[in-house]
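J.: Starting off with a structure, shown below.
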Amino acid sequence: MSVRFTRALVRKPPASVAKGLRAVDRGAPSYEGIAAEHAAYVAALERAGLRVETLPPLDLLPDSLFVEDPALVFPEGAILLRPGAPSRAREAEALRAELAKRFAALVVLPGPGTVDGGDVLTLGDRVLIGLSERTDEAGARALAAALPAFGKRAEIVRTPPGVLHLKTDCAPLGEAAVLTTARLAASGIFDGLEVQIVPEGEEPAANALRLNDHILVAEGYPRTAALLEKTGCTVTALPTAQIAKIDAGLSCLSLRWAD
Ligand code: GLY
C-alpha cells in the first residue's frame with residue numbers, strides 16, 4: 007500500500023543546516039527553527055502510528071536531514087540512490103549501513119546517472135520517476151531497471167520546469183489517488199487516477215504526507231486542509247516556514263515503510 011506505514015527513519019538537523027541548498031535566497035533559516043519543525047514532524051509521525059528512529063546529525067552534510075532524497079524504501083528492501091546535487095552525493099553512503107541493518111535487500115543504484123528520492127512517487131505497484139534538475143535520464147533508466155526486483159514498474163515522467171522535485175508538486179493519497187497542483191495535473195501523468203488539485207495560491211501544500219489515516223500538510227494553507235478533511239482522515243497542519251527556506255517540504259524529512 008502506498009499510504010500504510012509502520013516505521014520511519016529520520017535524521018536530526020545538523021548545526022550546519024542553514025547552509026542547505028536553495029534555489030532562491032529567502033533569508034537563512036534558523037537552526038532552532040528547523041529543529042522545532044523537525045520535532046513537531048517526528049511527533050506527528052508517531053501520532054500517525056509509526057515507530058520513528060532518529061539518526062545522528064551529519065554536520066558536513068547540511069541537507070542530510072532530508073533522508074528521502076538519497077534512498078528509496080519498500081517493505082521488501084531499499085535502493086541507495088545517487089542524489090543529483092554534488093553537495094548531497096555523499097548522503098547515500100552515509101545511509102548505507104543504517105539501511106543494511108533494517109532491510110533484507112539493499113540495492114545500490116549504478117552510475118553514472120543521478121536520482122533524488124524527491125522525484126520518485128510510488129502509487130501501489132507503479133513508480134513515477136520525474137526528470138528534473140536533480141534526476142537525469144541515465145539515473146531514471148537505472149532506477150527503472152532496478153524496480154522490477156521489488157515488484158514495481160516504472161514510468162519516467164517530467165517534473166515541471168522550475169520545480170525542484172516531482173513530489174514538490176504532488177503526494178499520494180492512496181494507491182490510485184493523488185493530491186497535486188494544476189500545473190502537474192495538466193501534464194496528464196495522473197490521468198485515470200482520483201486527482202485532488204490544491205486551490206490556486208496554495209501550491210506548496212501539494213507536498214502533503216498521507217500516513218495511514220492521517221494526512222500532514224504545511225500550515226498556512228487552509229483551503230487545502232479543508233479539501234483533505236473531506237477524505238475522513240485526521241489532518242494536521244505542521245510548521246514548515248524554516249525548512250521551506252531551503253526548498254524542503256514534508257515528504258523529504260523521512261523514509262517510511264511498513265514492516
Ligand atoms: N535543500 C534541499 C535540496 O535542495 O535538496
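Just add 6 to the spot in the sequence shown (first one is 1) and you have my numbering. We treat Cβ as the ideally placed atom computed from N, Cα and C, and that holds for glycine.
(1) In chain order, what residues of the same chain have a beta carbon less than 7 Å from the beta carbon of proline 62, not counting five sequence neighbours either side?
(2) Taking the straight line between their C-alpha atoms, what separation do you get for threonine 237 and asparagine 213?
(3) Within 8 Å, do at least three Cβ pairs link the segment 184-194 to the segment 204-212?
(4) Rounded to the nearest angstrom, what separates arginine 13 and arginine 57 at their Cα positions?
(5) What is the DSSP secondary structure of valine 23, counted as helix, strand or coil?
(6) Relative to the C-alpha of glycine 157, which residue among Ala144, Gly130 and Asp175 is closest?
(7) Using only CA atoms, which one of Ala264, Asp122 and Leu78 lies nearest to serine 93?
(8) Looking only at its own chain, which residues have a Cβ that is under 7 Å from the Cβ of arginine 28, when we skip the five neighbours before and after it?
(9) In whole angstroms, give me the CA-to-CA distance for threonine 128 and alanine 21.
(10) Once the 5 residues before and after glutamate 59 are set aside, which same chain residues still bring their CB inside 6 Å of it?
(11) Alpha carbon to alpha carbon, how far is tyrosine 47 from proline 116?
(12) Since I believe proline 228 is in contact with valine 9 (beta carbons under 8 Å), could you give me their beta-carbon distance rounded to a whole number of angstroms?
(13) Roughly how many angstroms lie between the CA atoms of valine 30 and alanine 77, to the nearest whole one?
(14) Measure the alpha-carbon distance for aspartate 176 versus glycine 83 and round it to whole angstroms.
(15) In this structure, how does DSSP classify glycine 266 when only helix, strand and coil are distinguished?
(16) Just to check, is the beta-carbon of glycine 130 closer than 6 Å to a non-hydrogen atom of the ligand GLY?
(17) Going by Cα to Cα distance, which pick from Arg132, Phe109 and Phe72 is closest to proline 154?
(18) Pull the bridge partners of proline 178 from the DSSP assignment, please.
(19) Taking its Cβ as the centre, do 16 or more other Cβ atoms sit within 10 Å of arginine 262, making it buried, or is it exposed?
T.: Walking through what the data contain:
(1) Looking up residue 62 in the sequence shown gives position 56. Here the set comprises Lys18.
(2) Counted from its first residue, the sequence shown places residue 237 at position 231. Counted from its first residue, the sequence shown places residue 213 at position 207. Rounded to whole angstroms, threonine 237 to asparagine 213 spans 16 Å at the Cα level.
(3) yes
(4) Looking up residue 13 in the sequence shown gives position 7. Looking up residue 57 in the sequence shown gives position 51. Straight-line Cα distance between these residues: approximately 5 Å.
(5) Within the sequence shown, residue 23 is the residue found at index 17, counting from 1. DSSP places valine 23 in helix when its eight states are reduced to three.
(6) Counting from 1 along the sequence shown, the entry for residue 157 is found at position 151. Cα-wise, what sits closest to glycine 157 is Gly130.
(7) Taking the sequence shown and counting its residues from 1, the one referred to as residue 93 is at position 87. Here the closest residue by C-alpha is Asp122.
(8) The residue labelled residue 28 in the question sits at position 22 within the sequence shown. So the qualifying residues of the chain are Lys251, Ile252 and Asp253.
(9) Indexing the sequence shown from 1 puts residue 128 at position 122. Indexing the sequence shown from 1 puts residue 21 at position 15. The straight-line gap from Cα to Cα measures roughly 32 Å.
(10) As a working mapping, residue 59 is identified with position 53 in the sequence shown. Answer for glutamate 59: Leu15, listed in chain order.
(11) Here residue 47 corresponds to residue number 41 of the sequence shown, with the count starting at 1. Here residue 116 corresponds to residue number 110 of the sequence shown, with the count starting at 1. When rounded, the distance between both Cα atoms is 32 Å.
(12) Reading the sequence shown from its first residue, position 3 is the one you call residue 9. Reading the sequence shown from its first residue, position 222 is the one you call residue 228. About 23 Å; that fails the 8 Å criterion.
(13) Residue numbering aside, residue 30 sits at position 24 when the sequence shown is read from its first letter. Residue numbering aside, residue 77 sits at position 71 when the sequence shown is read from its first letter. Rounded to whole angstroms, valine 30 to alanine 77 spans 25 Å at the Cα level.
(14) Indexing the sequence shown from 1 puts residue 176 at position 170. Indexing the sequence shown from 1 puts residue 83 at position 77. Correcting the residue identity first, residue 176 is cysteine in this sequence and not aspartate. The straight-line gap from Cα to Cα measures roughly 24 Å.
(15) Lying before the first or after the last residue shown, residue 266 is absent from the chain, which here runs from 7 to 265.
(16) To locate residue 130, count along the sequence shown from 1; it is residue 124. Not under cutoff, so the answer is no.
(17) Along the sequence shown, one-based indexing puts residue 154 at 148. Among Arg132, Phe109 and Phe72, the Cα nearest to that of proline 154 is on Arg132.
(18) As a position in the sequence shown, residue 178 is number 172, starting the count at 1. In the DSSP output, where bridge partners are listed per residue, proline 178 has Val184.
(19) Locating residue 262 in the sequence shown gives position 256, where the first residue counts as 1. Under this definition arginine 262 is a buried residue.
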